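In what follows, a single structure is set out as structure tokens and then discussed.
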Amino acid sequence: MRYFRIFLLHFQNLLAHRGRSIVWLFIALVEALIYLAFIRGVFQEHSSLSHWTLPSVSAYYFLLVATAATLMTHIEVKILHDDIELGQIDGRLLKPFSYYWQNFYFEIPYRFFQGVLGILLCVGLSMVFGVTIFSPLSMFQIGLCCLIFLLAYFISFTFKMIVGILSFITTDIRGLNELLTILIIIFAGYILPINLLPGILESIAYALPFAYIIYYPIVALLGQLSVPMMLQVIGIQIAWLVGFAFVYKIVWRSVLRQFASVGQ
Amino acid sequence: MRNIKKYFKIYRMLIKLNFATMLAYRANFYSSFGANLAWSLFIITSMLLLTSKAPNVFGWTRDELLLLAGMYNVFISVFFILFSHNFNEFSENIHYGKLDAVLMKPIDSQFIMTCLLIGYGSAIRLIVGLLFVSYMLSQMHITLSFLTIGGFIVLFILSLIILYSFWFFVMTLTLWFTNLENLVNLLYEINHITRFPPEMYKGASIFLFITLFPLTLVIISPAKVLLQKILLGDIIWPIICSMMLFVVSRQFWKFALRYYTSASS
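Sequence order for the protein chains is A and B. Under this note's numbering, the first residue of the first sequence carries the number 851, and numbering increases by one thereafter. Under this note's numbering, the first residue of the second sequence carries the number 33, and numbering increases by one thereafter.
As structure tokens, this is what we get:
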């Protein structure tokens, strides 16, 4: 119950500044639509590419808007700005809640709000452009899709928490963050669906965790994954999540040992 | 004329002050330098990826599209060096009432709000962009005459005015919506529109196309000079759009200032 109250408090704060969330959603929308507009030109030359057609790739980019808004967390920005630069970390560490879950309940209202708006936008776009975004899935497949989304969220959140808490030591992670943003844009499937990436980059994308945050949830929704493939994706997602949880624990212990703060 | 001299003198001083700041906060400079290098490489890589399956897109060859990507790096780096850091601080200056002090100074408020900070970290992007453009021009066997370079510089400056005015117009909205500090992030994203051929927006709605039209000129017009494909419209439209947008954005700023109520006591 106490966690639910924390969630509601953050949700209240979010609603007071809802304009910002709407702008973030527009940013995701502009990015996806620019790439889609360009890809339309590529599909003028080819009727299909690696099983993608113009309608299916359009559905991919529309779903990308909603998926990125829901699953791509930005908690590292909050940790760097509020906790480290503005010095709010002392108060947070003294609270009788785990730092991980405090941030989880801070972030989840933003993902929820932007996710809902993203879905509405995605449905609106699909109606305007006459594109089918959801394939008929069985109840079992819908259940597996939900699990893929849930795991994708936790992978994204835990990974960004690791990046965020590194700022306890370095006090500035902007350079690292910019580099990670670029890697995520390329290997999560923002520019192109992963299987349209050329040669070695496609193999690298499958070996990194980013595709399991954005690309696989979208293709699962599009009905491009069979049940065995979905189960395989879930297995790999669990492996990444366990790995990140382990790394988080080690990094957290290490940064706490080295962390020094001057009182205010 | 005296006024222009005064502003040149102030700007010369600002260049020196910003350089001193850069030397004082070196870690920040290195971080910005690294990020700019990464983004400049990303712009080229993303175009390579997007064109990996098709040698021609919207009538543009792969080499021409890569030249556009290089041109984008050159153009945007100059814009970032001169203006973007100021726009990053724009909404904060309004939200925290720092605009009060700006309005009290005997200098034009638009000048202080948009020209005070200089981002030297973006210089690396300019270098990468220039090297890549030179490489692409040699690959495409294009030689440049003095006339081409002169035309390129003129259109480049007009494009800077277009983008500056567009950003200034949008950021002026933060006088009413002071909480929207991420509006500048949306502008960074919208910048990417300029690095693609304008033909790809022709299928969009007429409203969207008219809104985007000035932005689609920004890189394309100077790039067409280099490609020696320039048409009369590619010269006239940037002149009209830059002048119109500059006047409109300045008038809008003056109009918006009437509604500024200050955040301080």
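All residues carry an ideal CB built from backbone N, CA and C; glycine is no exception. In this text the structure is predicted, and so the values were computed from the model without any measurement.
- If you draw a straight line from the Cα of A:His867 to the Cα of B:Asn211, it comes to about 7 Å.
- Between B:Thr146 and B:Asn120, the CB-CB gap reaches or exceeds 7 Å.
- Within the segment 167-209 of chain B, the runs of alpha helix (DSSP H) at least 4 residues long that lie entirely inside it are, in chain order, 178-204.
- With contacts defined as CB atoms closer than 7 Å, A:Val915 and A:Leu879 qualify as a contacting pair.
- The beta carbon of A:Phe947 sits no closer than 7 Å to any beta carbon of chain B.
- The segment 912-929 of chain A makes contact with the segment 944-959 of chain A, as at least three CB pairs between them are under 8 Å.
- Any Cβ of chain A closer than 7 Å to the Cβ of B:Ser116 would place that residue at the interface, and such an atom is absent.
- Near chain B, meaning a CB-to-CB distance below 9 Å, the residues of the segment 884-905 of chain A are Ile884, Tyr885, Ala887, Phe888, Ile889, Arg890, Gly891, Val892, Phe893, Gln894, Glu895, His896, Leu899, Ser900.
- Note that the C-beta distance between B:Ala56 and A:Glu1028 is not below 7 Å.
- In the three-state DSSP reduction, A:Ser871 falls in the helix class (H, G or I).
- At a cut-off of 7 Å between beta-carbon atoms, A:Val880 makes contact with chain B.
- At least one CB of chain B lies nearer than 7 Å to the CB of A:Pro1048.
- Beyond the five residues adjoining it in sequence on each side, B:Leu205 comes within less than 6 Å, by CB distance, of no other residue in the same chain.
- At a cut-off of 7 Å between beta carbons, B:Lys85 contacts chain A.
- Looking at the DSSP output, B:Ser281 sits in no beta bridge, so it has no partner there.
- Interface annotation, A:Gly993: not in contact with chain B, CB-CB separation never under 7 Å.
- Within chain B, the residues placing a beta-carbon under 7 Å from that of A:Gly869 are Phe209, Asn211, Leu212, ordered along the chain.
- A Cβ-Cβ distance of about 21 Å is found for the pair A:Val1013 and A:Leu1000, leaving them out of contact under the 8 Å criterion.
- Around the beta carbon of B:Gly153, 16 or more other beta carbons lie within 10 angstroms, which makes this residue buried.
- B:Trp199 and B:Trp285 have their alpha carbons spaced roughly 12 Å apart.
- A buried status is given to A:Pro1059, since no fewer than 16 other beta-carbon atoms sit within 10 Å of its beta-carbon.
- Here B:Ile268 is actually not in contact with B:Leu247; their C-beta atoms are around 17 Å apart, not less than 8 Å.
- CA-to-CA, the gap between A:Thr1008 and B:Leu176 works out to about 52 Å.
- Among the residues of the segment 1013-1028 of chain A, those with a Cβ less than 7 Å away from any Cβ of chain B are Asp1022, Arg1024, Gly1025, Glu1028, in the order of the chain.
- Contacts between B:Ile193 and chain A, judged by CB atoms closer than 9 Å, are missing: the closest CB pair is about 23 Å apart.
- Shown here, B:Thr93 sits in a strand according to DSSP, grouped into three states.
- DSSP, read as helix, strand or coil, puts A:Leu899 in strand.
- Under the Cβ criterion of 7 Å, A:Phe876 is counted among the residues facing chain B.
- Annotated three-state conformation of B:Asn214 is coil, per DSSP.
- Going by beta carbons, A:Ile998 and A:Val1083 fall inside the 7 Å limit.
- By the Cβ rule, the segment 1040-1052 of chain A does not count as touching the segment 976-992 of chain A, because fewer than three pairs are nearer than 8 Å.
- Remark: C-beta atoms of B:Val257 and B:Phe184 approach each other more closely than 7 Å.
- Interface flag for A:Ile1068 against chain B is unset, since no Cβ pair is found closer than 7 Å.
- Taking each of A:Ile1019, A:Ile969, A:Leu1081 in turn and checking the Cα distance to A:Leu875, the smallest one comes out for A:Ile969.
- Here the C-alpha atom of B:Leu179 lies approximately 11 Å from the C-alpha atom of B:Gln260.
- Using beta-carbon distances, A:Ile1032 counts as an interface residue toward chain B, with a partner under 7 Å.
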